[in-house]
Each structure stands twice: as structure tokens, then as C-alpha cells.
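Okay, so here's the structure we're looking at.
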Amino acid sequence: MGKRKRDISRRQFLEGSGAVLVAATAAPKLRAQLSTQPETGGAAAGVPSTAIRIVVNGAEHRLEVEDRWTLAELLRDHLGLTGTKIGCDRGECGACTVLLDGKPIYSCSNLAVWADGREIRTVEGLAHGDQLDPLQRAFVAHDGPQCGFCTSGQLMSAKGLLARNPHPTAQEVRAAMTGNICRCSNYNRYVEAVMAAAATGDAKTSDRGAGRSTPAKRGAKASASAGGA
Ligand code: FES
Ligand code: FES
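In our numbering, the protein residues as written are 64 to 292.
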């Protein structure tokens, strides 16, 4: 042991110390990368919370969510997806509509914990990069959005309809969007837009791959470009 100590040169000692320092500096980062712990999601200490796994617009999230959070709160306040709007916050206006496993729901009236293991699609998940979804293009072409506050909810209700019924009648469109109130009363334009999108057939095909959790998607950060605060 003593002989070995004497055999270590000053240079070897410094090289060894440097390696330890590099390792010590890198360790927290490495630990963070290897951690399997869920994101805190902003849950407050001492408040009942639950670890959930959700896929939002194709990106997987493992989060610790407070049991009292609504899905709208989780999306807007903790995932930064502010395209989903909160109007009434009590299940009356439809501004907060998102797709849960492809079905339109009011995110203000569903708890975030109920979404565990499920796929959510928000208005931010409609466009592909700079390419608006055909339904969004139809909304613009037909002057659907006026103040725009209800628009993301209208889009998601229409998207849910076209996924299950690619060629609806005008009456079916009205029925599907009856839960989405528009204070600007632009209902006829919204119905026209959905009918136009359905007529092209693109609104349905643009869904290919949406909501599927691929490795590439899991690494991607959900874009909030489609919605303001
Ligand atoms: S904000 Fe959810 S229904 Fe009005
Ligand atoms: S466009 Fe203004 S509330 Fe619908």
C-alpha cells in the first residue's frame, strides 16, 4: 500500500483529481438524465397528488398532479398549452374543449388525474409545423373566428366529429358543435367551414399519426404556437 502511494507521481495525482472533479460536476446532470422520477408538474407539497402518465399531442408526460387540478389547469398552467381557453369554467361554454382519446370533452370539467394513461389532443396539436390543419384553413377561409375566443373549442369539437363521421350533414355538424357557444354568434360560418373541410376529405386524412406516441414525438416539446394566453 505504502509503496503504491509513493509510486503515484504528482502528475498522475493531478490527472486523477481532475477526473474526479469532472465526474462530480457531471454527476447531477447525469442523474437528471437517468432519473425515472416524474416531473413535479408544479404540485404543491402537502397537497394530495397523484403520478400520472399522459400523451399530449403525441408527446408523453409523466407528471405529479394535484388531485384537485382540472385538465384545463394542467394543460394551460403546467404544460403551457394556452390555446385551450377557459370561458365559464363550469361546463357551459365549450371554450375548453379538447379531445380525450379522440372524443371531445370539456377540460374544465374533467380532473387531470382522470386522464391518466390516456391521449389528449389540443388545438396546438392540429397544425403540422407551419402547415395549418385543413380544418383550420377552412375556418380561416370562411371567416369563422371573430374575436376567436371560442375558436379552439370549436375546432376540437369539429375535429372529433370529422374523425368519427368524415361526411356529416349540416344538421350533424350543428348537433356536434351545440356545446360550443360563440358570443360573436358566428355559428353559420363555423358550420360552413366544417362542411367545406369535410368536402375536401383532407380534414380526416390529416389525422394520420396524430396522437400516436412515437420516440420522436415523445422527445418533442409540445408546441404552444397555436394559442395565446
Ligand atoms: S370553460 Fe369549460 S365549458 Fe366553459
Ligand atoms: S368568435 Fe368570438 S366568441 Fe366565437
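Backbone N, C-alpha and C fix where the C-beta goes; we use that ideal spot for every residue, glycine too. Since we're looking at a predicted model, the values are computed, not measured.
Determine whether the beta carbon atoms of residue i and residue j lie at a separation below 8 Å.
i: Ala158; j: Lys148; result: yes
i: Gly154; j: Ser215; result: no
i: Thr133; j: Val176; result: no
i: Asp130; j: Pro111; result: yes
i: Leu138; j: Val161; result: yes
Among the residues of its own chain, which have a CB less than 6 Å from the CB of residue i, if the five just before and after it don't count?
i: Ser172; result: Gly154
i: Cys156; result: Gly150 and Ile244
i: Tyr253; result: Gly207 and Gln217
i: Glu255; result: His205
Once the 5 residues before and after residue i are set aside, which same chain residues still bring their CB inside 7 Å of it?
i: His230; result: Ala261
i: Asp164; result: Arg181 and Glu182
i: Ala107; result: Glu129
i: Asp152; result: Cys171
i: Asn249; result: Gly207 and Gln209
i: Ala233; result: Val254 and Met258
i: Gln199; result: Leu189, Ala190 and Leu218
i: Thr263; result: Pro197
For residue i, I'd like the list of residues in its chain whose CB is within less than 8 Å of its CB, leaving aside the five on either flank, ordered along the chain.
i: Asp265; result: Pro197
i: Ala195; result: Looking at the sequence provided, one finds Leu at residue 195 rather than Ala. If we look at Leu195 and ignore the five residues flanking it on each side, its Cβ neighbours are Leu189 and Val203.
Starting from residue i, trace the alpha helix (DSSP H) in both directions and tell me its first and last residue.
i: Leu163; result: Premise fails: Leu163 lies in the beta strand (DSSP E), Thr160 to Leu163, not in any alpha helix (DSSP H).
i: Leu224; result: Thr214 to Arg227
i: Glu155; result: Segment: none, Glu155 is in no alpha helix (DSSP H) and carries neither H nor E.
i: Ala190; result: Here Ala190 belongs to no alpha helix (DSSP H), and DSSP marks it neither H nor E.
Rank the options by C-alpha distance to the C-alpha of residue i and give the top, closest one.
i: Val242; options: Thr185, Gly223, Gly109 and Val203; result: The identity of residue 242 in the sequence shown is Gly, whereas the question assumes Val. Minimum Cα distance to Gly242 is reached at Gly223.
i: Ser220; options: Arg184, Ala135 and Arg246; result: Arg184
i: Ala259; options: Gly143, Gly188 and Leu225; result: Leu225
i: Ala239; options: Ala178, Gln209 and Val257; result: Val257
i: Gly211; options: Gly105, Arg116, Asn228 and Val186; result: Val186
i: Ala115; options: Ile168, Arg237 and Ala178; result: According to the sequence as given, residue 115 is Ile; it is not Ala. Minimum Cα distance to Ile115 is reached at Ala178.
At what residues does the beta strand (DSSP E) containing residue i begin and finish?
i: Arg116; result: Ser112 to Val119
message: Quick check: the region 202-222 against the region 121-128, are at least 3 beta-carbon pairs closer than 8 Å?
response: Touching, no, given that fewer than three Cβ pairs across the two stretches are closer than 8 Å.
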